[in-house]
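The working numbering puts the sequence shown at residues 427 to 979. Below is one structure; the comments refer to it alone.
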Amino acid sequence: MLIDHLLKRNVFFQLSVCLVCLILVVGADCASGLSSEIAESNASIKVLIIELDSLRKDCLYEILDELPHIREVIKGKDNNAHFIYLPTVQTIIPSASAPANTSIYTGVYPRTHGVFSTTWFDRHQIKIHELISYSQDRINKILEEREIKTIFDYVKDAGKTNLVSMLFISKGVEPKRWLRSTICLWANSFWINFFKDCRTIPDAIHIDKRGTRGFLKGHIYSLSDGVEGYYRKHHTIPDLMVIHYFAFDIFSHYPHRYQVKEQWSMEKIQKYYLKNVIDPQVGRIVKWLKEKQLFEQCVFLFIADHGMTQITKHLDDDLVKDALGKEFKTQRFGRRLKKTEVICMAGAGTKAIYIKKRESKKWDSPPSLRRDIKPAVDLLLNNNEIKGALEAVLISQFPDERKEGIPETDAFWYFDGNNYLHTTQEEGDFLSALKPISHLDTLYQGSDLSTCFHKHYSRDSAPDIILINKPGLFYAPNKGKYGHHGSIYATDCMVSFLIGGPGLHQKLAQSYVIEEKATVLDLLPTVGRLLNINVPSTLDGKDIISTFNLVYE
Ligand SMILES: [Zn+2]
Numbered sequence: 427m428l429i430d431h432l433l434k435r436n437v438f439f440q441l442s443v444c445l446v447c448l449i450l451v452v453g454a455d456c457a458s459g460l461s462s463e464i465a466e467s468n469a470s471i472k473v474l475i476i477e478l479d480s481l482r483k484d485c486l487y488e489i490l491d492e493l494p495h496i497r498e499v500i501k502g503k504d505n506n507a508h509f510i511y512l513p514t515v516q517t518i519i520p521s522a523s524a525p526a527n528t529s530i531y532t533g534v535y536p537r538t539h540g541v542f543s544t545t546w547f548d549r550h551q552i553k554i555h556e557l558i559s560y561s562q563d564r565i566n567k568i569l570e571e572r573e574i575k576t577i578f579d580y581v582k583d584a585g586k587t588n589l590v591s592m593l594f595i596s597k598g599v600e601p602k603r604w605l606r607s608t609i610c611l612w613a614n615s616f617w618i619n620f621f622k623d624c625r626t627i628p629d630a631i632h633i634d635k636r637g638t639r640g641f642l643k644g645h646i647y648s649l650s651d652g653v654e655g656y657y658r659k660h661h662t663i664p665d666l667m668v669i670h671y672f673a674f675d676i677f678s679h680y681p682h683r684y685q686v687k688e689q690w691s692m693e694k695i696q697k698y699y700l701k702n703v704i705d706p707q708v709g710r711i712v713k714w715l716k717e718k719q720l721f722e723q724c725v726f727l728f729i730a731d732h733g734m735t736q737i738t739k740h741l742d743d744d745l746v747k748d749a750l751g752k753e754f755k756t757q758r759f760g761r762r763l764k765k766t767e768v769i770c771m772a773g774a775g776t777k778a779i780y781i782k783k784r785e786s787k788k789w790d791s792p793p794s795l796r797r798d799i800k801p802a803v804d805l806l807l808n809n810n811e812i813k814g815a816l817e818a819v820l821i822s823q824f825p826d827e828r829k830e831g832i833p834e835t836d837a838f839w840y841f842d843g844n845n846y847l848h849t850t851q852e853e854g855d856f857l858s859a860l861k862p863i864s865h866l867d868t869l870y871q872g873s874d875l876s877t878c879f880h881k882h883y884s885r886d887s888a889p890d891i892i893l894i895n896k897p898g899l900f901y902a903p904n905k906g907k908y909g910h911h912g913s914i915y916a917t918d919c920m921v922s923f924l925i926g927g928p929g930l931h932q933k934l935a936q937s938y939v940i941e942e943k944a945t946v947l948d949l950l951p952t953v954g955r956l957l958n959i960n961v962p963s964t965l966d967g968k969d970i971i972s973t974f975n976l977v978y979e
């Protein structure tokens, strides 16, 4: 007992000493910050990226006049300011958060940055990669390993400063300028809800509101200064700031129960969220910037990583696995990946399937078109539920590797399933149903899906078969999920991109609505242009100001 008591006292004493030291260190840091730091120039442009996770194309612009704070940023108080609106901006395909965000902040397609999906299989490493972790650091690690630069690296290299809030990409950001608070908040509420009633979904509105607070003031979870702390020390704000309203995505997946009951359209749900949650949050940031007389030098970029589609039919995620299980060894508890012959990724509007070369029992070699891929496609197409949901099938190519008498020069073939099903499904029928992937573009006019697929996967991460579902049909358990993304359709793959703010108004000769297609990858070079820093011209994204010849001084 006595020892216990002493130990407790000792621990208490150590904690007290730590706390006092902490207060002294923090106090000293603030004091030296206020006295010795030289204020940076206030004249330069400051860029604030406001990422609205999952916001569909057009939603923001259509109700701009009902969003007083965002409207003021974009159009000015008297509606006479200049801005840039891009209504047709394509994100990566399939449109998932992790690879899309990585493309936004690196300016390159997944094939280059290496974040291919939320989960994917690597046939060389025989490993399933997952990005979900409490520390949210896995994307940064991939980028570090592959030496891929982010916008934050370019900003840092130019001697400028960054601050990033609620984003899971932060390579190039000083650790104390990376605010992860609400991700911890999300994880914590996940567990609290899990123990409470097994409904793990947190309250999105609460999280995004805390997001603004974390951005401005820092947060107890992160011990980082927010923008306010930065201002106290430097008398200005960082050159580039990002606030990621990631719970917008959660809300679009799981809106209010009454909205589900009343069958609200996804557009109505997202507009509701913009009006009731996002606009007041932007208002808080604008108010703070105005109080500090910093608003006038700010440029705001509003962008989304992907869109969102209302689910019209949930498909059981095990459907594909069970169909293939008739002839292939599928993933099973206790079965090692080495012994598995088929690996199916979870979800969504497109389904990724990896097939092993069964003859050599090796994952590393390409599966045989005749002996591995054809039997798998036959099993899938002869399942009525899978077939009924299907819009198209893609089959991976292995240029210069798989020599089966058919030239392989691209990343994927488009498989003409409709014609194939009207044949006797012999080997020759299968091979002649393999068409160039450009066939996909003729199905969806004006799209360049083939380019997106071409630039998405590496040799080792490319699925052997990709099932593309009809609009609204998703592989997702029917447990209250109302919206989803990851399909190839415009509701998921086209987002809006809006640039405005007093820092831009003076420099732009007029407002521009650019109907031509742009991509989310264009954000990075455009920010480079706004901040006057060098980014390589070899990136996949292009600076919007020079690409579209905007008059900008
Ligand atoms: Zn997202």
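Glycine included, every Cβ here is placed at the ideal spot set by N, Cα and C. Only a predicted model underlies this, so the values are computations on that prediction, with no experimental measurement involved.
Counting only the same chain and skipping the five closest in sequence on each side, list residues whose C-beta sits under 6 Å from that of residue i.
i	result
M692	M734, Q736, G909
I1010	Absent from the structure is residue 1010, since the part of the chain shown begins at 427 and ends at 979.
V499	F726, G926, G927
L666	V473, V581, N588
R572	G540
S650	K602, L605, G644
V961	Y580, P951, G954
Do you know how far the Cα of residue j is from the Cα of residue i?
i	j	result
F578	I695	33 Å
P897	D969	32 Å
K800	F641	52 Å
V451	T545	Its pLDDT being 36, under 50, V451 is placed unreliably in this model, and the value from its coordinates should be taken loosely. Distance between the alpha carbons of V451 and T545 is about 42 Å.
S480	S678	7 Å
V599	Y883	27 Å
H670	I729	10 Å
F542	I676	21 Å
Y978	P494	26 Å
A778	L807	15 Å
K829	I558	38 Å
G912	C919	8 Å
F824	S864	17 Å
F900	A774	5 Å
F621	M592	25 Å
R784	V803	15 Å
F879	L857	21 Å
H550	K782	11 Å
I476	T973	22 Å
A944	A630	30 Å
D790	S887	11 Å
D705	Y915	27 Å
L715	S561	30 Å
P862	N844	15 Å
T776	L750	17 Å
G831	K881	25 Å
E688	K483	23 Å
What residue from the options has the CA that sits closest to residue i's CA?
i	options	result
I892	A522, E853, L816, Q932	L816
T917	D731, K472, F721	D731
W839	L875, R955, N958	L875
P681	Q932, G906, D948, N958	G906
E852	P903, R796, E811	R796
E941	Q516, I627, W604	Q516
M771	D548, I914, G760	D548
N506	D484, G655, L957, S937	S937
T514	D826, H880, V703, V946	V946
R683	T835, I627, E477	I627
I959	K788, K701, K586	K586
P520	N895, L593, G954	N895
E827	P793, T850, I471, A818	P793
K787	G814, F759, K755	K755
Y657	K701, E688, R636, E717	E717
I821	D842, I565, G814	D842
K635	G502, F674, K483, L805	F674
Is any non-hydrogen atom of ligand 2 found closer than 6 Å to the C-beta of residue i, if you look at the structure I gave you?
i	result
S523	Ligand 2 is not part of this structure, which contains only ligand 1.
Ordered along the chain, which non-local residues of its own chain (more than five positions away) have a Cβ less than 8 Å from that of residue i?
i	result
I638	According to the sequence provided, residue 638 is Thr. The question's Ile does not apply to it. Cβ neighbours of T638 beyond the five flanking positions: I669, Q707, R710, I711.
A465	Residue confidence for A465 is low, a pLDDT of 40 falling below 50, so the modelled location carries little weight; the figure read from the coordinates is stated next. Excluding sequence neighbours, A465 sits near H660, H661, T662.
V686	G906, Y908
L745	N809, E811, I812, Y901
Starting from the C-beta of residue i, find all residues in its chain whose C-beta is less than 7 Å away, skip the five residues before and the five after it, and write them out in chain order.
i	result
P525	I518, P536, V541, F542, S543
K764	I552
L956	I471, V473, V725
F672	D479, M592
Practice task
Say whether the region 711-726 touches the region 923-932, bearing in mind that this needs 3 or more beta-carbon pairs closer than 8 Å, one atom from each stretch.
Solution key: In this structure the region 711-726 lies against the region 923-932, because at least three pairs of beta carbons, one per stretch, are closer than 8 Å.
Problem - Validate contact between the region 739-756 and the region 483-490 using beta carbons, cut 8 Å, 3 pairs - result: Using a Cβ-Cβ distance cut-off of 8 Å, the region 739-756 and the region 483-490 are not in contact, since fewer than three pairs of beta carbons, one from each stretch, lie closer than that value.
Exercise for the section: Mind the definition here: the region 952-972 touches the region 518-535 only if three or more C-beta pairs lie below 8 Å; say whether that holds. Expected result: Pairwise C-beta distances place the region 952-972 in contact with the region 518-535, as three or more of them are shorter than 8 Å.
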